[in-house]
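Number of protein chains: 4
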Amino acid sequence: MSHQATEPQVNAVVERVKEIGLKFELSRGEDRTLVGVIGSNAYAYREAFSHLPGIKEIIPITKPFKLASREFRSADTVVDVGGVKVGGTQDVVVMAGPCSVEGEEMLIETARHVAARGARMLRGGAFKPRTSPYSFQGLGEAGLKMLAMAREETGLRVVSEVVTPADVELCARYVDVLQVGTRNMQNYALLQEVGRVGKPVLLKRGMSSTVEEWLLAAEYVLSQGNRNVMLCERGIRTFEVATRFTLDLNVIPLARELTHLPMVVDPSQATGKWSLVRPMALAAVAAGAHGLLVEVHPHPDEALSDGAQSLDFAAFDRMMDDLHRMTSVLTQVAAK
Amino acid sequence: MSHQATEPQVNAVVERVKEIGLKFELSRGEDRTLVGVIGSNAYAYREAFSHLPGIKEIIPITKPFKLASREFRSADTVVDVGGVKVGGTQDVVVMAGPCSVEGEEMLIETARHVAARGARMLRGGAFKPRTSPYSFQGLGEAGLKMLAMAREETGLRVVSEVVTPADVELCARYVDVLQVGTRNMQNYALLQEVGRVGKPVLLKRGMSSTVEEWLLAAEYVLSQGNRNVMLCERGIRTFEVATRFTLDLNVIPLARELTHLPMVVDPSQATGKWSLVRPMALAAVAAGAHGLLVEVHPHPDEALSDGAQSLDFAAFDRMMDDLHRMTSVLTQVAAK
Amino acid sequence: MSHQATEPQVNAVVERVKEIGLKFELSRGEDRTLVGVIGSNAYAYREAFSHLPGIKEIIPITKPFKLASREFRSADTVVDVGGVKVGGTQDVVVMAGPCSVEGEEMLIETARHVAARGARMLRGGAFKPRTSPYSFQGLGEAGLKMLAMAREETGLRVVSEVVTPADVELCARYVDVLQVGTRNMQNYALLQEVGRVGKPVLLKRGMSSTVEEWLLAAEYVLSQGNRNVMLCERGIRTFEVATRFTLDLNVIPLARELTHLPMVVDPSQATGKWSLVRPMALAAVAAGAHGLLVEVHPHPDEALSDGAQSLDFAAFDRMMDDLHRMTSVLTQVAAK
Amino acid sequence: MSHQATEPQVNAVVERVKEIGLKFELSRGEDRTLVGVIGSNAYAYREAFSHLPGIKEIIPITKPFKLASREFRSADTVVDVGGVKVGGTQDVVVMAGPCSVEGEEMLIETARHVAARGARMLRGGAFKPRTSPYSFQGLGEAGLKMLAMAREETGLRVVSEVVTPADVELCARYVDVLQVGTRNMQNYALLQEVGRVGKPVLLKRGMSSTVEEWLLAAEYVLSQGNRNVMLCERGIRTFEVATRFTLDLNVIPLARELTHLPMVVDPSQATGKWSLVRPMALAAVAAGAHGLLVEVHPHPDEALSDGAQSLDFAAFDRMMDDLHRMTSVLTQVAAK
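Line order of the protein sequences matches chains A, B, C and D. 13 is the number of the first residue of the first sequence in this note's numbering; add one for each residue after it. 13 is the number of the first residue of the second sequence in this note's numbering; add one for each residue after it. 13 is the number of the first residue of the third sequence in this note's numbering; add one for each residue after it. 13 is the number of the first residue of the fourth sequence in this note's numbering; add one for each residue after it.
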């Protein structure tokens with residue numbers, strides 16, 4: 013719409029979209045409103061709008077992902093997680109905690125430590141998608157309750173994975189961010205359900221998904237009306253087996269060109285080796301990441317899952333120190 | 013158990029397993045019964061069985077997958093789909109039909125054609141997991157009804173994909189084989205649900221899953237008590253982009269060494285190009301596949317999905333002719 | 013050129029090509045001669061030929077590979093290796109022998125055995141490109157002499173790898189086919205040198221090369237005037253580590269659409285496991301391969317390199333039996 | 013050897029190594045001398061040394077690469093390129109210039125610009141390994157002469173690729189660093205030749221080589237007596253096609269644990285897109301890289317090769333500004 017478009021003019025456009033039977037999305041920027049018209053051949057109907065007042069121009073979005081694209085929304089999305097802001101020029105947000113919630117004591121101990129060192133969110137799995145049916149599958153709702161308790165104690169926001177549509181409502185009662193894991197990036201029923209529930213979503217990249225497939229997965233969430241999507245690179249599967257996965261940092265500046273959504277990086281999953289986490293966390297931020305997801309455990313050797321890639325408290329502290337030292341420079345650089 | 017083990021002796025072993033709190037699986041072969049004891053450290057309890065009569069030996073299963081392993085069951089599993097048998101030395105079973113069910117007429121036309129040429133099952137998607145939320149997602153229950161109708165008409169067994177746990181029961185009412193697609197190979201809630209429902213399952217390999225992860229996914233189904241699992245190789249993701257995926261036929265003889273489950277190959281998804289389907293179908297059978305899953309469409313150019321990889325009737329006929337011509341030789345060879 | 017084009021007319025076209033400063037390649041078919049004009053913008057000069065008599069039409073070759081393309085030459089190339097013919101509708105040619113030439117006795121023993129069972133060529137490495145500088149690197153010229161001796165004894169043609177341009181002339185004195193290995197597929201100086209020497213070439217696919225890059229590597233040889241190029245698929249590098257490489261059989265029918273050159277498959281390198289060699293050899297032939305390259309060793313357990321993937325004599329015999337049993341059917345099928 | 017070991021004692025050990033028929037490498041550190049004994053079963057001879065004086069301990073090097081390993085040499089190697097030092101805690105060295113040397117004027121212009129902005133070396137290809145035989149292959153010796161001239165003008169050290177053993181001596185006359193490209197990482201004859209000539213070597217990682225294969229390639233150079241090897245990560249081949257290659261930064265901290273050799277990163281080749289070069293250069297340095305190899309061209313749109321990934325002068329300046337701004341922090345961090 014043009015700068016001067018009035019509210020009735022915007023409404024008239026929306027009504028015309030509905031008459032035709034297409035979907036729409038309103039995006040109100042500071043000085044301009046955008047009406048996104050969604051449908052596989054929406055652009056073919058452009059003539060139907062040609063005589064409506066207040067329209068500045070009609071532009072086709074050429075990417076297969078629409079709502080996720082920079083063409084649809086040029087300004088960075090900043091996701092607000094109960095006051096903690098992720099995206100745009102905001103400070104890098106560190107989300108830290110154990111791979112899986114193993115008990116109340118270890119969780120609270122970890123939460124207190126990472127909060128004191130500057131983390132803003134607590135991560136921890138209550139529902140764990142494990143490759144083997146015989147591995148520890150998480151504490152379920154009991155784990156969620158512990159996470160909520162840790163939030164009370166520390167003020168940290170809580171991010172935790174949901175693995176099946178039936179659990180979305182349950183998880184949403186306890187956590188601040190619903191994480192969709194790499195194995196579920198193309199579990200479309202799950203994506204639609206987290207889209208409907210409205211909570212912020214952390215969408216991990218499938219371990220062998222292209223950036224286009226990833227943005228289309230985000231589109232499943234966005235098209236349900238949930239605009240609070242954060243993307244998380246966590247390593248892709250390649251021929252290299254010396255590390256657990258290959259962290260694809262190319263994708264950070266690349267995706268930032270293609271989408272307005274915030275980018276998070278998980279160096280723990282991506283490397284599988286704690287000694288690589290600190291340098292890769294720094295590299296991720298230098299490449300333009302808005303947030304980090306890091307596994308921390310009071311006693312990594314005793315962890316029920318993924319101990320080898322968890323930082324102990326001392327290693328976490330060193331990472332945070334280096335991050336802080338780089339902060340002024342990095343935000344200056346990354347923001348450009 | 014030894015050859016001479018009596019029923020009470022077997023029961024006594026089972027009772028001891030229950031007392032310890034472990035799970036068990038009975039496998040009764042022609043001349044011997046095997047009691048599989050399942051638990052992450054089950055072998056540590058072997059002393060607790062040392063004085064029970066009728067036990068021949070206690071063997072640890074070293075593979076992470078247990079019920080799926082050749083160690084647990086040395087003879088090939090033959091899955092019986094309403095009289096159509098897949099696995100072992102049975103004839104190669106062809107499952108053919110459109111990528112997605114688009115309408116009654118095209119489905120019946122296709123079903124009649126492929127049945128007349130020797131196919132034993134009809135494939136067709138009613139629920140389609142599509143990369144984009146804006147693509148055709150299938151006809152849902154209406155599609156399932158058409159599949160059931162085509163079965164009535166032709167006697168073909170029906171295989172169709174289920175994409176979320178909530179739909180399993182619905183799908184199971186209409187189809188003979190529940191297909192779990194490549195994007196859902198690690199959707200564990202779905203695997204457990206198809207495990208509980210008891211219908212034969214066709215488990216496609218994740219497009220970037222190792223053979224071990226695939227067999228562990230099968231283990232999720234098997235460990236729910238459903239032993240009728242068929243595995244389906246459908247191409248893996250590699251650097252090569254000249255074909256849609258890379259068909260990994262190495263995995264056929266390899267997996268047949270590791271597991272007793274039947275192996276099916278989908279050359280349509282794996283190549284993405286109809287002209288490659290016939291040679292790759294022949295290659296799959298030569299490598300030892302027990303079944304083929306092939307996309308056939310009366311008019312591939314007009315297909316709503318995956319037209320480029322669908323055979324038209326003439327191309328399907330040619331493939332079946334070549335397959336028949338090779339049959340006597342191939343079954344002779346592959347069976348060894 | 014048209015059917016009726018005379019020799020002077022063909023010569024006039026060639027002269028014009030030279031005047032412009034472009035290169036050319038004459039391809040004389042049964043009823044028609046083709047003048048290939050090579051240069052990055054050759055098609056721009058088509059006007060310069062418009063008034064010459066005897067030209068039927070001027071067609072741009074759109075593929076980046078020219079001489080290797082089906083557009084340039086529609087009929088299958090049959091490479092003649094001292095009377096053993098590879099390609100087109102010729103019988104599948106088996107090239108068998110040890111990974112590396114370890115000594116005279118083992119080589120002769122192997123050569124006699126495989127020749128008696130129907131192999132037509134003897135493979136064996138005298139120069140071995142090894143990942144570690146501390147591994148056995150081959151016997152060099154001594155090994156070449158043994159290969160030549162084995163040829164005398166058995167009548168088998170000899171194929172062996174050359175690893176550096178300086179050795180090409182030496183190797184060409186002893187062997188019938190110069191093999192370029194997977195690590196050297198983009199060693200362009202080597203490709204040009206084997207192109208100049210004129211002997212038949214077996215060009216293995218780079219372990220992470222696309223089919224287009226492979227055909228462009230062949231183009232390096234062809235453009236030096238050597239038209240006797242055979243391509244050999246030997247497995248590509250993927251995320252799957254259960255086999256040494258992933259045999260990409262999709263590439264056989266695909267490459268046969270794109271090029272007229274014969275296709276060979278090496279199931280030994282591709283699987284790294286002898287028990288998979290027989291089924292994958294059969295699969296390769298079913299997919300349309302013109303030849304097989306197979307590692308055979310009298311005592312695989314004692315091999316200096318690659319014992320795990322070598323067939324012993326009994327396993328080789330079984331593979332040959334199955335191949336023979338399939339032959340009439342397969343040639344009938346594959347030839348279409 | 014022990015701290016107090018005398019020169020004659022060291023010599024005695026060396027003599028014993030020679031008697032046995034093994035190779036050796038002397039590594040003299042500040043307070044201790046190490047005698048590396050090389051041979052596939054060298055450790056089996058340890059008894060032969062047990063009575064020699066001055067030996068502190070005999071340690072097996074368990075890695076397949078020996079001279080390249082941290083076990084052999086614990087301190088970082090610093091490669092001295094005519095006074096420009098790469099490795100250890102030295103400043104990050106920027107090597108910049110055009111993909112290929114296209115002419116004297118453009119080369120001098122580029123060299124002057126990058127030198128003024130802080131680059132210490134000039135890169136530029138005179139011999140270009142191109143996928144197609146019909147692409148521009150470089151100016152050859154004429155290009156080398158231009159590079160030498162640019163060195164005279166600017167004081168920059170010169171790094172340029174050598175593609176075949178026969179050219180090594182020629183290249184070594186003109187350049188300061190011999191680059192071995194990704195396609196030649198396993199061209200062992202070339203590695204041995206650059207090992208013999210003694211000039212510093214920049215060894216690019218094969219586009220589908222594991223870190224172990226890469227270090228074994230370095231071992232080929234080192235085992236010829238040339239200790240001045242720098243390793244260069246330049247992107248690996250994966251399923252992701254949105255970028256030209258996938259830059260694997262995991263490998264920087266990983267390789268620094270395994271080897272003492274300096275690590276360089278090439279963000280231009282790795283991304284194929286100039287807009288990603290700056291963020292990935294910063295990320296590489298944050299991950300611990302000792303040097304950067306960056307393509308710069310006065311007019312990228314007119315480049316004969318790889319224009320899309322070349323920085324123009326303005327983009328190069330911005331990268332250098334950001335690098336300088338981060339320097340104090342980064343060296344502090346990376347050095348730890």
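Note that CB positions come from ideal geometry on N, CA and C, so glycine has one too. Since this is a predicted model, take the numbers as computed values, not measurements.
Cβ proximity to chain D below 9 Å picks out Arg142, Thr143, Ser144, Pro145, Tyr146, Ser147, Phe148, Gln149 from the stretch 142-167 of chain C. For Val175(D), the neighbours in chain C by C-beta distance under 9 Å run, in chain order, Asn199, Tyr200, Ala201. Residues of the stretch 238-249 of chain D with a C-beta atom less than 7 Å from some C-beta of chain B are Arg249, listed in chain order. Rounded to the nearest whole angstrom, the CA to CA distance from Gly155(D) to Leu134(D) is 13 Å. Considering only Val277(D), Met331(D), Ala17(D), the residue with the shortest C-alpha distance to Ile248(D) is Val277(D). A distance below 7 Å between beta-carbons, with the five flanking residues on each side excluded, links Glu114(A) to the following residues of its chain, in chain order: Leu316.
By the neighbour-count criterion, in which a residue is buried when 16 or more other Cβ atoms sit within 10 angstroms of its Cβ, Asn196(A) is buried. For the pair of segments examined, the stretch 278-290 of chain C was found to touch the stretch 254-266 of chain C: the number of CB pairs separated by less than 8 Å reaches three. Of Ser172(C), Ile50(C), Arg44(C), the smallest CA-CA separation from Arg28(C) is found for Ile50(C). By a beta-carbon distance limit of 8 Å, Ile120(B) does not contact Ala80(B). Their separation comes to about 37 Å. Straight across, the Cα-Cα distance linking Val91(C) with Tyr232(C) is about 17 Å.
Taking 3 residues as the minimum length, the beta strand (DSSP E) runs contained wholly in the stretch 302-326 of chain D are 303-307, in order along the chain.
About 26 Å separates the beta carbon of Leu273(A) from that of Val308(A), a gap too long to meet the 8 Å contact definition. Nearest C-alpha to Pro212(D) among Val253(D), Arg185(D), Ser144(D), Asp334(D): Arg185(D).
Val253(B) has a beta carbon lying within less than 8 Å of a beta carbon in chain D.
Contact annotation: the stretch 202-212 of chain B touches the stretch 166-177 of chain B, with at least three C-beta pairs closer than 8 Å.
Taking 8 Å as the cut-off, the Cβ atoms of His336(D) and Gln102(D) do not count as close. Contact annotation for Thr283(D) against chain A: Asn262 [CB-CB distance below 7 Å, chain order]. By DSSP's assignment, Cys183(A) forms no beta bridge with any residue.
Within 10 angstroms of the beta-carbon of Ile71(D) lie fewer than 16 other beta-carbons, which makes it exposed.
Counting every other CB atom within 10 Å of its CB across the protein chains shown gives Lys35(C) a total below 16, marking it as exposed.
Pairing Met107(A) with Ala17(B), the inter-Cα distance amounts to about 58 Å. The C-beta of Ala56(B) has fewer than 16 other C-beta atoms within 10 Å across all chains shown, which makes the residue exposed. Here Met331(A) carries a helix assignment [DSSP, helix/strand/coil]. Scanning chain C for C-beta atoms nearer than 8 Å to the C-beta of Gly300(B) yields Pro291, reported in chain order. Sequence-distant partners of His63(A) (beyond 5 residues in either direction) whose C-beta falls short of 6 Å from its own C-beta are missing from its chain. Of the candidates Leu234(C), Ala299(C), Gln321(C), Leu234(C) places its Cα closest to the Cα of Lys78(C). For the pair Ala299(C) and Ala267(B), the Cα-to-Cα distance works out to about 20 Å. Closest by C-alpha distance to Glu69(A), out of Leu46(A), Arg85(A), Arg132(A), is Leu46(A).
According to the DSSP secondary-structure assignment, Arg129(A) is paired through a beta bridge with no residue. Residue contact with chain D for Ser235(C): present (Cβ-Cβ distance below 8 Å to some residue of chain D). The Cβ-Cβ distance between Pro76(B) and Glu224(B) falls below 8 Å. Cβ-Cβ distances below 6 Å link Ala230(A) to Ala80, Leu215, Val241 in the same chain, with the five nearest sequence neighbours on each side left out; the list follows chain order. Here the alpha carbons of Val297(A) and Lys97(C) stand approximately 60 Å from one another. In this structure, DSSP gives Leu168(A) a state outside helix and strand, which the three-state scheme calls coil. Within the same chain, no residue comes within 6 Å of His311(B) by CB-CB distance, once the 5 residues on both sides are set aside.
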